[in-house]
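Peer 1: Okay, handing you the structure first.
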Amino acid sequence: MSMIVTKFGPWGGPGGDYRDVQVAPYRLVRLTIRSGDTVDGISFTYIGNDGLVYHMGHWGSDGGVPHEIHLGLMDFVMEISGTTGMWVSGMSNVLRSLKITTLKRTYGPYGNPKAGIPFSFSVDGSDRITGFFVRAGFITDAIGVYVRHC
């Protein structure tokens, strides 16, 4: 599978540990977001540019409620948006909320969209968001995306 993949972001703070994919992502298959008053954790499944399936995460905590997004063969992530900001004392600028928009529908927002500063990233045309990288520890501190240019 030939492609050009570019990383954008991250949005959020510098806390937590850097987590990234093993192989450049070709197609996003499934995403699980755990959230309560913030985005607690993220995991996802993708097909790499080598044609193999990879399961990444769970990055962050197991707190909150799990929300699963399954992408069909003709559905792709076109935008992520949300808010970043202070959560509790000593945890400033974390991922407070996250919304995923695909070709077919919008999922979320998960977390607290009324808290923090808004951010948004979208792709146009045949470009696709195909994976994520994060900074995460106790919760998800920041999120960035991989974009496949078709």
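Position 122 of the sequence shown, counting from 1, maps to 122 under UniProt numbering, and the rest follow consecutively. The C-beta atom is built at its ideal place from N, Cα and C for all residues, glycine as well. All of these numbers come straight from a predicted model, not from anything done at the bench.
What beta strand (DSSP E) runs, 3 residues minimum, are completely inside the UniProt domain "Jacalin-type lectin" (5–149)?
Peer 2: Counting whole runs of 3 or more residues, the UniProt domain "Jacalin-type lectin" (5–149) contains the beta strand (DSSP E) stretches 17–19, 25–35, 39–48, 53–60, 65–70, 77–85, 94–102, 106–111, 117–122, 128–136, 140–149.
Peer 1: Could you tell me how far apart the beta carbons of M86 and N49 are, in whole angstroms, since I believe they sit closer than 8 Å?
Peer 2: In fact, because the Cβ distance is near 38 Å, the residues do not count as touching under 8 Å.
Peer 1: Residues in the same chain with beta-carbon distance under 6 Å from S61, minus the five sequence neighbours each way, listed in chain order, please.
Peer 2: So the qualifying residues of the chain are D40, G41, F138, I139.
Peer 1: In angstroms, rounded to a whole number, what distance separates the CA positions of V65 and F132?
Peer 2: Spanning the two alpha carbons is a distance of roughly 20 Å.
Peer 1: If you draw a straight line from the alpha carbon of L32 to that of L98, how long is it in whole angstroms?
Peer 2: Per the sequence presented here, residue 32 reads as Thr, with Leu not at that position. C-alpha separation (whole angstroms): 12 Å.
Peer 1: If you measure from the beta carbon of T83 to each beta carbon in chain C, is any gap under 8 Å?
Peer 2: Absent from the structure is chain C; it holds one protein chain and no more.
Peer 1: Is it true that the CB of L52 sits closer than 8 Å to the CB of M78?
Peer 2: Cβ distance not < 8 Å, so M78 and L52 don't count as in contact.
Peer 1: Taking the C-alpha atoms as reference points, what is the distance between N126 and S35?
Peer 2: First, the residue type needs correcting, since residue 126 is Ser and not Asn in the sequence shown. Their Cα atoms are separated by approximately 30 Å.
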